[in-house]
Amino acid sequence: MKVIVVGAGVLGASVARSLSRAGEDVLLLDRKGPGAGTSSTTFAWTNSNRKPDPDYYRLNLEGMAEHEKLARELPGEPAYFRSGGLQFADTDSEPWLVQNVERLRALGYPARWVTRAEAAPIVRGIRIPDDTTAIAHFPAEGYVRPDRLVQNLLADAVRHGAVLSIGEVLSISDGPDRASVTLADATVHTADRVVLAAGRWTDDLAARSGIDVPMITDTGRGSPIIGLLGYVRFPALDIGCVVHTPRLNLRPGAGLPVVVQALDLNPDVDPSRPPAPGSEIATAITRRLTALLPDPAQTPDIDLRVGLRALPADGNTIAGYPAEHARTYCLASHGGITLAPLLGRLVATEIVTGESQELLKPFRPSRFAGMRRSDLPAVPRPVMLGEQ
Amino acid sequence: MPTLHEKIRRELEDRIHAGTLAPGAKLPTELELCEQYEVSRATAQRVLNDLADAGLAVRRRRQGTFVADVRQQINLLSYASPDTHVKGVPGRHEVLSARIVRAADAVLELPGAEDDTAVVELVRRKLDLHDQPRTIERHVVLFSAAPELLNEDLAELVSLSYLRDRGVSIDRIRVYLDPVVLDEHDAELLRSEAGTPTLRRRRELRAPDGTAIEIVTALIRPGAAEFFVEFPA
Ligand SMILES: Cc1cc2nc3c(=O)[nH]c(=O)nc-3n(C[C@H](O)[C@H](O)[C@H](O)COP(=O)(O)OP(=O)(O)OC[C@H]3O[C@@H](n4cnc5c(N)ncnc54)[C@H](O)[C@@H]3O)c2cc1C
Chain Z
845 MKVIVVGAGV LGASVARSLS RAGEDVLLLD RKGPGAGTSS TTFAWTNSNR KPDPDYYRLN
905 LEGMAEHEKL ARELPGEPAY FRSGGLQFAD TDSEPWLVQN VERLRALGYP ARWVTRAEAA
965 PIVRGIRIPD DTTAIAHFPA EGYVRPDRLV QNLLADAVRH GAVLSIGEVL SISDGPDRAS
1025 VTLADATVHT ADRVVLAAGR WTDDLAARSG IDVPMITDTG RGSPIIGLLG YVRFPALDIG
1085 CVVHTPRLNL RPGAGLPVVV QALDLNPDVD PSRPPAPGSE IATAITRRLT ALLPDPAQTP
1145 DIDLRVGLRA LPADGNTIAG YPAEHARTYC LASHGGITLA PLLGRLVATE IVTGESQELL
1205 KPFRPSRFAG MRRSDLPAVP RPVMLGEQ
Chain P
16 MPTLHEKIRR ELEDRIHAGT LAPGAKLPTE LELCEQYEVS RATAQRVLND LADAGLAVRR
76 RRQGTFVADV RQQINLLSYA SPDTHVKGVP GRHEVLSARI VRAADAVLEL PGAEDDTAVV
136 ELVRRKLDLH DQPRTIERHV VLFSAAPELL NEDLAELVSL SYLRDRGVSI DRIRVYLDPV
196 VLDEHDAELL RSEAGTPTLR RRRELRAPDG TAIEIVTALI RPGAAEFFVE FPA
């Protein structure tokens, strides 16, 4: 079977890998290059920490387990690190953290309370804030070095015969026997199946192909898809795991800069005018980081970059054919770093065998059928401790 | 709507590019153009001046206007030298294809690479200042050495400096000059004839451990260049 995968982000690369390993003939198309979209500007924490929807919780939990499995079999430099995660609460956020830890424990999610002394060797190079009143440890969580994950998935896909080609897809059309994909240079490719995995551009490309994939695409200030990330150029900063504090979240860089984010500042970020060094936002982030350094006299340089989430309209993954007998499979998700290995395997299985996978059933695009976009409830912006 | 002098100029340009007006050939005089196209002397003069300004024609006093010899003069010594490869030559690149494939499926063999190793493959056509094809360049780069190469502006990319800037350690640069005969496909891309002999520059970059990092070929449009070496006497 010939399959065209549109989008070489972490999701497209993962699907392409699973399909080519299953022996399918795969052409992966991207208008820019592998990992050029959201997958290169992400916090990349693997977790199922605050997913209140039980189906979505289960999907992310399986996603974490799939990373463990993939890390054992995928060639290349290590891309996944099961570092565990720590969350520090102060008086204000403690009730919120307590409630979540109890909820997660009831579900069997690894979560435990630790003392400052127990947390110190796990978090390593930063100071635990003095006003910390509770520390939760989530040992099954971890993080990804996203550039490597995309590269390793892609190299493995190519090893099994997949081809990545640079080209901008204008539209996809389903025919009775084949689907065809039209590129900006007027080239037309045909295939038995097409996987539409164009990240935050999926809604638009689907619309141009007569398919409804409702996503939040507003990039104006205040949109929930906006997420500012800081890349800390300060080699001495060595942190041992993903850390959430009430004012700053940190993720190890694994050879690249440590990544930080301050969710409560996102509503003030305008992607068309990213905060410059010295701006109020940049200064706030630097101040928050400095407060966590063992030597507060040091002021590390932080490069700021605005990430834009690929966010389906109800916040949950979209995976499946929009209609029976359709040849174009739609795939879009937030939390794509956690989910990529699992979604890659499940989506490829559905395409190859035609058998519906239990875990994906709650996430079909058809759940939006007949709904007007204006009727969909607004997706809240992540701002609280442990949200993403 | 092109103006009258543009229309006439384009007709002449097309004939120069097609080779029906060969380098050195005499172009119509101002008077001849006036009669042939029924235009004013000023218009005819403007056509010939424009061609001269574009470097396509040379005007010689009292002798007339001639098709310029647009052949590039290539000094083989500098052509082979890494400095030239870093600077690149003027003119823009047109990207014909950019892919990541198995080494065995790439347009060039990367010496020593296993068949199923992922490589980046880039095929571009270099155009001269008159938008005439000058060379076809084919790059095959080890994907693991430059996984983000395709995210660059591929029309501008100079691979040797790109790799150096990314800290890829390159120990050795070897340049070959291969005599080749154009096949149908390349002849069409170069607006030339299949079966015409030409030169192909082939460059290999190797890491300190001997691994080939990149192979690049530049296939030169026959007749577009003259090669020489020159020494102080
Ligand atoms: C600030 C921030 C923090 C995040 N934190 C986390 C986290 O902690 N944990 C987690 O699991 N997830 C997190 N995410 C989400 C995660 O990063 C994304 O879900 C994931 O990267 C999406 O991958 P993708 O492959 O769907 O999209 P992308 O990486 O955007 O890939 C889509 C690709 O499609 C290509 N494309 C688009 N249109 C076309 C076209 N017309 N033709 C050809 N190609 C096209 C693009 O060039 C792009 O390469 C975060 C995201 C952000 C922004």
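Line by line, the protein sequences give chains Z and P. Reminder that position 42 of the first sequence reads as 886 in the numbering used here, one-by-one numbering, no gaps. Reminder that position 203 of the second sequence reads as 218 in the numbering used here, one-by-one numbering, no gaps. Yeah, the Cβ is synthetic: ideal placement off N, Cα and C, and Gly gets one too.
Which of the three DSSP states is assigned to residue i in this structure?
i, result
"Lys1205 (chain Z)", "helix"
"Arg989 (chain Z)", "coil"
"Ala194 (chain P)", "Residue 194 (chain P) is actually Pro in this sequence, not Ala. It is a strand residue."
"Pro212 (chain P)", "strand"
"Tyr1165 (chain Z)", "coil"
"Glu124 (chain P)", "coil"
"Tyr953 (chain Z)", "coil"
"Ala1120 (chain Z)", "coil"
"Asp84 (chain P)", "coil"
"Val967 (chain Z)", "helix"
"Gly1074 (chain Z)", "strand"
"Asp869 (chain Z)", "strand"
"Asp1047 (chain Z)", "helix"
Would you say the beta carbon of residue i is closer than 7 Å to some non-hydrogen atom of ligand 1?
i, result
"Ala1192 (chain Z)", "no"
"Gln931 (chain Z)", "no"
"Thr885 (chain Z)", "yes"
"Gly881 (chain Z)", "yes"
"Asp1062 (chain Z)", "no"
"Thr1182 (chain Z)", "yes"
"Asp1238 (chain Z)", "Residue 1238 (chain Z) falls outside the range modelled here, since chain Z spans only 845 to 1232, and no answer is possible."
"Gly1151 (chain Z)", "yes"
"Ala1042 (chain Z)", "yes"
"Gln1232 (chain Z)", "yes"
"Leu855 (chain Z)", "yes"
What residues of chain P sit near residue i, judged by a beta carbon separation below 9 Å?
i, result
"Ala999 (chain Z)", "Ile115, Thr132, Ala133, Phe158, Ser159 and Pro162"
"Ile848 (chain Z)", "Residues of chain P passing the Cβ test: none, with the nearest at roughly 14 Å."
Between residue i and residue j, which are expected to be in contact by the criterion C-beta below 8 Å, what is the C-beta distance as a whole number of angstroms?
i, j, result
"Leu998 (chain Z)", "Gly1011 (chain Z)", "At roughly 16 Å, the Cβ-Cβ gap does not stay under 8 Å, so Leu998 (chain Z) and Gly1011 (chain Z) are not in contact."
"Leu1137 (chain Z)", "Thr1161 (chain Z)", "That belief does not hold up - the Cβ atoms of Leu1137 (chain Z) and Thr1161 (chain Z) are roughly 37 Å apart, past 8 Å."
"Pro1209 (chain Z)", "Val1057 (chain Z)", "6 Å"
"Leu221 (chain P)", "Thr232 (chain P)", "Here residue 221 (chain P) is Arg; the residue named in the question, Leu, does not match the sequence. With 8 Å as the limit, Arg221 (chain P) and Thr232 (chain P) do not qualify as a contact, their Cβ atoms being about 16 Å apart."
"Gly986 (chain Z)", "Ser927 (chain Z)", "5 Å"
"Val135 (chain P)", "Val122 (chain P)", "About 11 Å separates the two Cβ atoms, so there is no contact after all."
"Thr882 (chain Z)", "Arg1153 (chain Z)", "7 Å"
"Ala1006 (chain Z)", "Leu872 (chain Z)", "6 Å"
"Leu941 (chain Z)", "Ala915 (chain Z)", "Not confirmed; about 29 Å, so no contact."
"Arg960 (chain Z)", "Ile972 (chain Z)", "5 Å"
"Arg992 (chain Z)", "Glu921 (chain Z)", "6 Å"
"Lys141 (chain P)", "Arg149 (chain P)", "5 Å"
"Ile235 (chain P)", "Val156 (chain P)", "Their Cβ separation, rounded to whole angstroms, is 21 Å, which puts Ile235 (chain P) and Val156 (chain P) out of contact at 8 Å."
Go ahead and label residue i buried or exposed: buried means 16 or more other beta carbons lie within 10 angstroms of its beta carbon, across all protein chains shown.
i, result
"Thr18 (chain P)", "exposed"
"Ser184 (chain P)", "exposed"
"Pro162 (chain P)", "buried"
"Phe242 (chain P)", "exposed"
"Gln1232 (chain Z)", "buried"
"Tyr900 (chain Z)", "buried"
"Met1059 (chain Z)", "buried"
"Val244 (chain P)", "exposed"
"Met908 (chain Z)", "buried"
"Asp1145 (chain Z)", "exposed"
"Lys895 (chain Z)", "buried"
"Ala113 (chain P)", "buried"
"Tyr191 (chain P)", "exposed"
"Asp98 (chain P)", "exposed"
"Arg181 (chain P)", "exposed"
"Asn944 (chain Z)", "buried"
Note down, in chain order, every chain Z residue with its Cβ under 9 Å from the Cβ of residue i.
i, result
"Leu125 (chain P)", "Ordered by position in chain Z, no residue passes the 9 Å Cβ test against Leu125 (chain P), which lies about 13 Å from the chain."
By the criterion of Cβ-Cβ separation under 7 Å, what are the contact partners of residue i in chain Z?
i, result
"Asn90 (chain P)", "The premise fails here: Asn90 (chain P) is roughly 34 Å from chain Z at the closest Cβ pair, so nothing lies under 7 Å."
"Leu204 (chain P)", "By Cβ distance, chain Z contributes nothing, its closest Cβ being about 15 Å from Leu204 (chain P), past 7 Å."
Residue i versus chain P: which residues are under 7 Å apart at the beta carbon?
i, result
"Leu1008 (chain Z)", "Arg114 and Ile115"
"Gly877 (chain Z)", "Glu163, Leu165 and Asn166"
"Gln995 (chain Z)", "Pro162"
For a contact defined as C-beta to C-beta under 8 Å, what are the partners of residue i on chain P?
i, result
"Ala880 (chain Z)", "Asn166"
"Arg1003 (chain Z)", "Arg117, Asp131, Thr132 and Ala133"
Any heavy atom of ligand 2 closer than 7 Å to the CB of residue i?
i, result
"Thr1172 (chain Z)", "For ligand 2, the structure offers nothing, since it holds only ligand 1."
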